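Single-structure report; data block below.
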Ligand SMILES: NC(=O)c1ccc[n+]([C@@H]2O[C@H](COP(=O)([O-])OP(=O)(O)OC[C@H]3O[C@@H](n4cnc5c(N)ncnc54)[C@H](OP(=O)(O)O)[C@@H]3O)[C@@H](O)[C@H]2O)c1
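Residue numbers (full-length UniProt numbering): 1 to 341.
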């Protein structure tokens, strides 16, 4: 068979503030691959189906950060691919795999390269649309599940405040919390998303942090047993004041500061002393071994049973990766941002 186009999406230069699509990224169309004759050397050849666009990708563009991207390299992120040829017994043609992929149409993953990419064959016995394994059943869902279990340690009847509650991590935290008997307050950035939180996600109360006072909303809701922090900055400071005795603060992200060089100085940590408050950050994969099997046997079933709802914001075409990331960083996505390749 003749070689076929193998386009990819590259990171060219480190953005200052919000990325500049024309300068910082490049969709490259000149590469080709012969799918039948490319040497596999014991590896497996995949075709990319779906790619996830996540806020953490902006962090990877900064020098010295965790798993930093180098200018010139192809973007990397979680996605779903299908095995089209294989020289390893582990994966067979037709298998659908979840893993940390290159942003290109085809890729042959050598076995030593595949290990840290955390490939997992998706059995999908629930028959869910595959893209769901990038959202509530993928990294964001795991983040919610692992963080709540390991740090939030929720008990029935407790209260939780979740920021960026209409985002995929946030909405999964909210729905797990409701399923586990908690009272949930969510904040988000538009009235449309507030409606989605109260009417679809089923939180007890939600507000638009751009038009309402977070301090006032949290005060009206009552004290907090758990604060799930997706944003950092001033909201974390406000939440500290409202924590109850032995409250837990889960530091999941700090999206309010991803494109901003200045750092908000937290003033209210003294609240932690006499209230015995625990505040802990976490990286989702620290808990992979501990919770992955429980996650895969719990969450896809909850989704199939309609106990966890989800929304997706799917864009077709690898060439749109940068644009979709900007949409996410500007809060314009409604649901999990996904590229369909
Ligand atoms: N700890 C971990 O291992 C781990 C793993 C995965 C993700 N995370 C973190 O979890 C958080 C949520 O991730 P996600 O994938 O579910 O993202 P997401 O919520 O789907 O998308 C980003 C959302 O953040 C909000 N936002 C954007 N700019 C903001 C700003 N300046 N201030 C406040 N909110 C802003 C917007 O929602 P609004 O309209 O509501 O503002 C936007 O829709 C992120 O901070 C991410 O980095 C952590």
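In this text, a Cβ means the ideal position worked out from N, Cα and C, and glycines have one as well.
Given the structure is predicted, the values throughout are model-derived calculations rather than measurements.
| Query | Result |
| --- | --- |
| Residue 237 Cβ short of 7 Å to ligand 1 heavy atom set | no |
| Delimiting residues of the alpha helix (DSSP H) encompassing residue 242 | 233-242 |
| Residue range of the unbroken beta strand (DSSP E) whose run includes residue 342 | Summary: the structure shown does not reach residue 342, with the chain confined to residues 1 through 341, and so no result is reported for it. |
| Other residues of its chain near residue 342: CB distance less than 6 Å, five sequence neighbours each side excluded | Here the chain covers residues 1 to 341 and nothing more, so residue 342 does not appear. |
| Residue range of the alpha helix (DSSP H) that includes residue 295 | 288-304 |
| Chain-order list of residues whose beta-carbon lies under 8 Å from that of residue 210 (same chain, five-residue window excluded) | 189 and 190 |
| Span separating the alpha-carbon of residue 255 from that of residue 123 | 33 Å |
| Segment contact, 8 Å Cβ cut-off, at least three pairs: the segment 101-114 with the segment 74-81 | yes |
| Cβ neighbours of residue 87 in the same chain (closer than 6 Å, five flanking residues each side left out) | 40 and 42 |
| Contacts around residue 34, its chain only, beta-carbon distance under 8 Å, and the 5 residues preceding and following it disregarded | 1, 2, 3 and 4 |
| Distance CB(residue 82)-CB(residue 26) smaller than 8 Å | no |
| Rounded distance between the beta-carbons of residue 206 and residue 194, thought under 8 Å | 5 Å |
| DSSP bridge partner residues for residue 81 (one or two, in chain order) | 48 and 97 |
| Whole-angstrom C-beta distance between residue 299 and residue 136, which should lie under 8 Å | 7 Å |
| Selection from 332, 151 and 85 that minimises the alpha carbon distance to residue 229 | 151 |
| Three-state secondary structure assigned by DSSP to residue 55 | coil |
| Ligand 1 heavy atom lying under 7 Å from the CB of residue 54 | yes |
| Limits of the beta strand (DSSP E) - the one that residue 108 falls within | 106-109 |
| For residue 222 and residue 61, the rounded distance between their alpha carbons | 39 Å |
| The segment 141-155 in contact with the segment 108-118 per 3-pair CB rule at 8 Å | no |
| Contact test: residue 170 Cβ vs ligand 1 heavy atom, cutoff 7 Å | yes |
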